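Student: Just passing along the structure, written as structure tokens.
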Amino acid sequence: MRRIRGGIIAETYGSLQGAERVKRFDHRRIILAVAACGIVAPLSMHAQFPRSITEPTAVERGAKLYANACARCHGDDTRGMTGGAPDLLRSTLVLHERRESLHGKELSPYLKSTPPHKFDYNDKQADDLSQFLSASVNKILRSGYDDHPTHLTEGDVKAGEAYFHGAGGCDKCHSTTGDLAGIGKRYSAAALQQKFLFPNSGLGKKAAITAVVKFPNGTTATGDVVRIDDFTVQLRDHTTGATKSFNRTAGMKVTTTNPYAGHEALLEKITDADIHNLTTYLDTLK
Ligand code: HEC
Ligand code: HEC
Numbered sequence: 001m002r003r004i005r006g007g008i009i010a011e012t013y014g015s016l017q018g019a020e021r022v023k024r025f026d027h028r029r030i031i032l033a034v035a036a037c038g039i040v041a042p043l044s045m046h047a048q049f050p051r052s053i054t055e056p057t058a059v060e061r062g063a064k065l066y067a068n069a070c071a072r073c074h075g076d077d078t079r080g081m082t083g084g085a086p087d088l089l090r091s092t093l094v095l096h097e098r099r100e101s102l103h104g105k106e107l108s109p110y111l112k113s114t115p116p117h118k119f120d121y122n123d124k125q126a127d128d129l130s131q132f133l134s135a136s137v138n139k140i141l142r143s144g145y146d147d148h149p150t151h152l153t154e155g156d157v158k159a160g161e162a163y164f165h166g167a168g169g170c171d172k173c174h175s176t177t178g179d180l181a182g183i184g185k186r187y188s189a190a191a192l193q194q195k196f197l198f199p200n201s202g203l204g205k206k207a208a209i210t211a212v213v214k215f216p217n218g219t220t221a222t223g224d225v226v227r228i229d230d231f232t233v234q235l236r237d238h239t240t241g242a243t244k245s246f247n248r249t250a251g252m253k254v255t256t257t258n259p260y261a262g263h264e265a266l267l268e269k270i271t272d273a274d275i276h277n278l279t280t281y282l283d284t285l286k
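First residue of the sequence shown? That's 1 in the UniProt record's numbering, and the numbers climb one at a time after it.
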């Protein structure tokens, strides 16, 4: 169980320690997938739609709690009720729980003290509910609207293009005539969707989190982050591959840059319709 928990933590795309741990996690996920199913097919599924790991038994218990306590307001399918309680799969609280694998740590106090809620769940119940909601998010991210991949490209091209240049802010970092030119040729629709939702996971090369260390005497060191915590910073030289460690001292300044920050922020705000339209639009770039 601890191993699995480690994996979950490693999938928090925002964590600074991510660089090395995500790599290890990929490896472990492969072992898990193969061990769990004994065949190779599920591996490609995992690669295609990486997601937070949930335990089926916890999800099942959470579903029961949900049906008893929440469904009458948030709907049987967690998608909210018109004029009533909101869609939980678009809730930033729920998405944050899922992304950081919080196991109910934020959900529990919220449900205890935020009207109209007044639920006093123990840690295990809150964890079960959190896992149920995370699994529900995983499901919509995996399948989009339904399980037929052809539907991935039946969104609205114009709306997708507008989102790319507007609310999505994609053109701040990308260009459809530059780095993303012909992207619809390079990837299947499903792979494309996975790429813009989780560019930092799955197989393939990853851009590193980089850091600049500024020492009290004014000199600096830069490199890809191998490891960073309260006491040490370990950097790898981008070209030579050599690693260096520094003890963190008072007056030393460490600035990290996560190239995926833009994509991580996206997960908090993107809606099903945006995902659908964007995939359809990007697929036309051939
Ligand atoms: C009596 C109706 C009712 C019940 C029962 C109820 N909720 Fe809610 N819930 C609401 C309403 C209304 C809001 C919006 C509150 C607000 O905007 O401040 C809400 C908001 C939330 C949010 C925050 C959504 C956001 O905007 O980020 C979460 C998470 C949530 N509920 C989870 C649950 C869970 C889990 C249960 C069952 C244990 C539950 N609720 C039961 C009515 C309900
Ligand atoms: C803050 C900068 C930033 C923003 C905003 C951003 N991205 Fe990215 N995106 C990146 C970086 C960095 C990568 C990784 C590039 C790499 O590995 O070559 C990436 C990777 C991708 C890839 C994979 C490209 C490939 O060739 O594999 C796609 C597709 C993509 N982004 C689409 C989008 C879309 C669509 C949006 C808007 C909804 C968006 N991005 C917003 C920085 C950003």
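Each residue gets a CB set at the ideal place from its N, CA and C atoms; glycine is no exception. The model shown is predicted, which means the values in this text are computed figures rather than measured ones.
1) Would you kindly check if the distance between the Cβ of H276 and the Cβ of G168 is under 8 angstroms?
2) Keeping to the same chain, check which residues put their C-beta closer than 6 angstroms to that of R51; ignore five residues upstream and five downstream.
3) Could you tell me the alpha carbon to alpha carbon distance between Q125 and G104, rounded to whole angstroms?
4) Three Cβ pairs or more, each shorter than 8 angstroms: is that satisfied between the segment 59-73 and the segment 229-240?
5) Can you tell me whether H151 sits near ligand 1, meaning its C-beta is under 7 angstroms from at least one heavy atom of the ligand?
6) Say yes only if the C-beta of D185 is nearer than 7 angstroms to one or more non-hydrogen atoms of ligand 2, and no if none qualify.
7) With DSSP as the reference, label K244 as helix, strand or coil.
8) Return the chain-ordered list of same chain residues with a C-beta closer than 6 angstroms to the C-beta of Y145, the five sequence neighbours on each side being excluded.
9) Looking at G80: is its Cβ nearer than 8 angstroms to the Cβ of C173?
10) Check whether the Cβ atoms of K269 and K214 sit closer than 8 angstroms, and answer yes or no.
11) Is Y260 near P199, with beta carbons less than 8 angstroms apart?
12) In three-state terms, what does DSSP make of A167?
13) How many angstroms separate the CA atom of G84 from the CA atom of N247?
14) Going by beta-carbon coordinates alone, are H74 and L93 separated by less than 8 angstroms?
Tutor: Let's see:
1) Position 168 of the sequence shown, counted from the start, is the residue given in the question as residue 168. Position 276 of the sequence shown, counted from the start, is the residue given in the question as residue 276. Contact: no.
2) Against the sequence shown, residue 51 aligns to sequence position 51. At R51 the pLDDT is 49, less than 50, meaning the model places this residue with poor confidence; the figure from the coordinates comes in the next sentence. Closer than 6 angstroms at Cβ, skipping near neighbours: N138.
3) One-based indexing of the sequence shown puts residue 125 at position 125. One-based indexing of the sequence shown puts residue 104 at position 104. If I take the Cα positions, the gap works out to 8 angstroms.
4) no
5) Counting from 1 along the sequence shown, the entry for residue 151 is found at position 151. The answer is no for H151.
6) Mapped onto the sequence shown, residue 185 falls at position 185. First, the amino acid is wrong: residue 185 is Lys here, not Asp. No.
7) Indexing the sequence shown from 1 puts residue 244 at position 244. Secondary structure of K244 (DSSP, three-state): strand.
8) Along the sequence shown, one-based indexing puts residue 145 at 145. The predicted position of Y145 is uncertain, since its pLDDT is 39 and thus under 50; a value taken from the coordinates is nonetheless stated next. Excluding residues within five positions, the ones whose Cβ falls inside 6 angstroms are H151.
9) Mapped onto the sequence shown, residue 80 falls at position 80. Mapped onto the sequence shown, residue 173 falls at position 173. No, the pair does not count as a contact, with Cβ atoms beyond the cut-off.
10) On the sequence shown, position 269 is the one that residue 269 refers to. On the sequence shown, position 214 is the one that residue 214 refers to. No. Outside cutoff.
11) For the purposes of this step, residue 260 is identified with residue 260 of the sequence shown, where counting begins at 1. For the purposes of this step, residue 199 is identified with residue 199 of the sequence shown, where counting begins at 1. Less than 8 angstroms separates the beta-carbon of Y260 from that of P199.
12) One-based indexing of the sequence shown puts residue 167 at position 167. If DSSP states are grouped into helix, strand and coil, A167 belongs with coil.
13) As a position in the sequence shown, residue 84 is number 84, starting the count at 1. As a position in the sequence shown, residue 247 is number 247, starting the count at 1. So the alpha carbons of these two residues sit roughly 53 angstroms apart.
14) On the sequence shown, position 74 is the one that residue 74 refers to. On the sequence shown, position 93 is the one that residue 93 refers to. No, these two residues do not count as a Cβ contact at 8 angstroms.
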